[in-house]
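Numbered per the working numbering, the sequence shown spans residues 10 to 260.
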Amino acid sequence: MRILIANDDGYLAPGLAALVDACSDLGEIDVIAPEQNASGTSNALTLNRPLSVFRAANGYRYVNGTPSDCVHVALTGLLERRPDLVLSGINNGANMGDDTLYSGTVAAAMEGYLFGIPAIAFSQVRKGWADLEAAARVARAIVGQVLAQRPSGAWLLNVNIPNRADADHLPRRVTRLGRRHASEPVICARNPSGEPIYWIGAAGDAREAGEGTDFHATANGMVSITPLQVDLTDHQALSGWTAQLGCGDAR
Ligand code: MN
10 MRILIANDDG YLAPGLAALV DACSDLGEID VIAPEQNASG TSNALTLNRP
60 LSVFRAANGY RYVNGTPSDC VHVALTGLLE RRPDLVLSGI NNGANMGDDT
110 LYSGTVAAAM EGYLFGIPAI AFSQVRKGWA DLEAAARVAR AIVGQVLAQR
160 PSGAWLLNVN IPNRADADHL PRRVTRLGRR HASEPVICAR NPSGEPIYWI
210 GAAGDAREAG EGTDFHATAN GMVSITPLQV DLTDHQALSG WTAQLGCGDA
260 R
């Protein structure tokens with residue numbers, strides 16, 4: 010069993026070390042993570058400059074690029090053998106609902122999934138690493154479970170873990186993504202030259218957080234496990250648009 014582990018908080022993040030240590034007896038592990046915090050970079054690939062790979066004293070490798078760069082370089086040139094599983098995290102903060110579109114944590118796992126490899130993204134609900142060891146035990150339990158059952162094909166799971174010392178004893182729920190309201194407005198300030206600068210505002214509050222969603226599960230003391238897919242097609246709208254635009258049916 011070969012496991013590739015990446016993250017988006019950077020190779021020095023405590024969540025990465027916790028995940029690696031927790032899974033160390035499950036197989037041969039390669040760690041390839043961004044040099045710097047790359048949270049919120051989504052599926053970005055670096056195309057306008059070359060990437061370099063460095064090795065840290067603890068054996069982790071790090072790349073001066075994005076989370077997707079790390080997994081992409083690993084799978085297409087760096088690793089001698091294809092991993093059986095790609096893990097990402099444990100992230101410093103939740104990746105639920107619409108946040109998953111922006112998440113570098115989810116993107117690193119998704120890059121593995123896009124290459125046909127099963128993948129799991131792990132996040133702690135609150136930032137700050139409280140109860141990280143318990144979250145790592147949850148991650149290890151879930152990885153151990155899926156390795157034992159070996160569900161076929163490629164799949165992508167997004168796991169959010171409440172920050173609790175008893176996280177590994179919490180119920181787990183398979184959930185759907187909730188939705189958020191639009192983000193708060195940008196925050197405008199002035200740089201020392203007097204020019205306007207903008208900080209992206211905070212994420213909006215959960216808008217659809219009813220039973221069955223990731224927001225609901227974690228708010229009610231459960232570990233949320235959301236199976237993700239990548240097809241962005243609005244399948245329900247295909248026939249409506251075909252009629253409205255007078256197009257022939259592509260099917
Ligand atoms: Mn992050």
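All C-beta atoms in this analysis are idealised placements derived from N, C-alpha and C, irrespective of residue type, glycine included.
Small disclaimer: the values here were computed from a predicted structure and weren't measured.
- In the three-state reduction of the DSSP assignment, arginine 70 falls in the strand class, which pools E and B.
- When C-beta atoms of the segment 100-107 are compared with those of the segment 83-90, fewer than three pairs fall below 8 angstroms, so the two segments do not count as touching.
- Straight-line spacing of the CA atoms in valine 155 and alanine 191 works out to 35 angstroms.
- Of the candidates Tyr20, Asn172, Met105, Met105 places its Cα closest to the Cα of alanine 215.
- Look at which beta carbons fall closer than 5 angstroms to any heavy atom of ligand 1; those residues are Asp17, Asp18, Ser48, Asn100.
- Put simply, the backbone Cα of proline 59 is about 22 angstroms away from that of glycine 68.
- Collapsing the DSSP output to three states places isoleucine 38 in a strand.
- Minimum Cα-Cα distance from arginine 135 among the listed residues Thr75, Ile126, Ile170, Ala118 corresponds to Ile170.
- Taken atom to atom, the span from the alpha-carbon of valine 29 to that of isoleucine 151 is near 14 angstroms.
- The C-alpha of tryptophan 164 lies about 12 angstroms from the C-alpha of isoleucine 234.
- When the alpha-carbon of glycine 210 is set against those of Cys197, Ala42, Thr222, the nearest one is in Cys197.
- In the DSSP assignment, arginine 173 falls outside any alpha helix (DSSP H) and carries neither an H nor an E.
- For cysteine 79, the uninterrupted alpha helix (DSSP H) run begins and ends at 76-82, by DSSP.
- Per DSSP, reduced to three states, the secondary structure at leucine 25 is helical.
- Contact between the segment 43-52 and the segment 10-23 is present: 3 or more CB-CB pairs across the two stretches fall below 8 angstroms.
- Taking all protein chains in view, the Cβ of aspartate 34 is surrounded by fewer than 16 other Cβ atoms within 10 Å, so the residue is classified as exposed.
- Under a 10 Å Cβ-count criterion, asparagine 172 is classified as buried, with 16 or more other Cβ atoms of the shown protein chains found around its own Cβ.
- Between proline 76 and alanine 116, the C-beta gap is smaller than 8 angstroms, which places the two residues in contact.
- The C-beta separation of arginine 181 from alanine 31 comes to about 16 angstroms, leaving the pair out of contact by the 8 angstroms criterion.
- Here asparagine 73 has Glu44, Leu60, Ser61 as same chain residues with Cβ atoms under 7 angstroms from its own Cβ, once five neighbours each way along the sequence are excluded.
- Alanine 228 and glycine 203 have their C-alpha atoms roughly 43 angstroms apart.
- Excluding residues up to 5 positions away in sequence, Asp140, Ala143 lie with their Cβ nearer than 7 angstroms to the Cβ of alanine 174 in the same chain.
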